[in-house]
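Asks: Got a structure for you, questions after.
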Amino acid sequence: MKAIETKLEGCFIIEPNIIGDNRGYFFESYNEKSLNEALGQDIHFVQDNQSLSSYGVIRGLHAQSGEYAQAKLVRVLKGEVLDVAVDFRPESPTFGQHITAILSAENRRQLYIPRGFLHGFVVVSEHAEFFYKCDNFYYKNAEIGVRYDDPTLAIDWTVPINDLILSEKDQVLPFLHEIKL
Ligand SMILES: Cc1cn([C@H]2C[C@H](O)[C@@H](COP(=O)(O)OP(=O)(O)O[C@H]3O[C@@H](C)C(=O)[C@@H](O)[C@H]3O)O2)c(=O)[nH]c1=O
């Protein structure tokens, strides 16, 4: 497995080693030892989540605050998404900056998003099944978020605005300037 650094410290693109043979392919989609060695960290995931979304769905931008913060290892089982990770660590020199990555069933790429980041994705295929591991449990009262179209973050979601589908909750998330850090 290969961990590729991004411009945001601690955020990595993960490329698994695909072993093909006459039956098809095999790969380790997650190996705690290899990942921790590659990232130089000690991460223990405690919850797996899976969601299905149709074309144009944006889920995000989400995080959990304080002691409930979650690192995530995200990937796509079916379809394709544009995944977005925003550095939301107040002390970080890259606070407010984001990276995007195309994650698909075909490229089998994963994104490791550390604690203190906002995360979201938009579906660019007909449907997408999204799967991710979290290193802290879901805690509803710790949920925080920022609007996907925040002008300071200036994320190019690539999908035409008329095609976007958001949850009611995500439609009323605050803008960055409304949040007390
Ligand atoms: C995230 C989550 C939601 N839920 C419930 C709450 C709600 O009834 C239903 C759907 O929740 P949401 O609308 O928040 O789901 P969703 O918009 O998919 O939220 C997710 O978005 C992506 C981008 C992330 O990074 C995740 O951490 C998470 O915030 O599932 C759980 O039971 N456990 C969980 O861990």
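Residue numbers (my numbering): 93 to 273.
Don't be surprised by glycine CBs; every beta carbon is placed ideally from N, CA and C.
(1) Can you tell me whether residue 241 sits near ligand 1, meaning its C-beta is under 8 Å from at least one heavy atom of the ligand?
(2) For residue 121, name the three-state secondary structure that DSSP assigns.
(3) Tell me which residues share the same chain as residue 263 and place their Cβ nearer than 7 Å to its Cβ, disregarding the 5 neighbours each side in the sequence.
(4) Relative to ligand 1, is the shortest distance from any of its heavy atoms to the C-beta of residue 232 smaller than 8 Å?
(5) Spell out the partners DSSP gives residue 315 in its beta bridges.
(6) Taking contact to mean 3 or more Cβ pairs, one atom from each stretch, closer than 8 Å, check whether the segment 176-185 and the segment 124-133 are in contact.
(7) Helix or strand or just coil, what does DSSP make of residue 99?
(8) Would a C-beta distance cut-off of 9 Å place residue 100 and residue 209 closer than the cut-off?
Replies: Taking the geometry as given:
(1) Checking the Cβ of residue 241 against ligand 1 gives no.
(2) Residue state for residue 121 is assigned as coil, using DSSP reduced to three classes.
(3) In the same chain as residue 263, and ignoring 5 residues on each side of it, no C-beta atom comes closer than 7 Å to its own.
(4) Residue 232 Cβ: within cutoff of ligand 1.
(5) Beyond the ends of the chain as shown, which are 93 and 273, falls residue 315; an answer cannot be given.
(6) Contact fails: fewer than three Cβ-Cβ distances are below 8 Å.
(7) Correct three-state label for residue 99: coil.
(8) At a Cβ-Cβ threshold of 9 Å, residue 100 and residue 209 count as neighbours.
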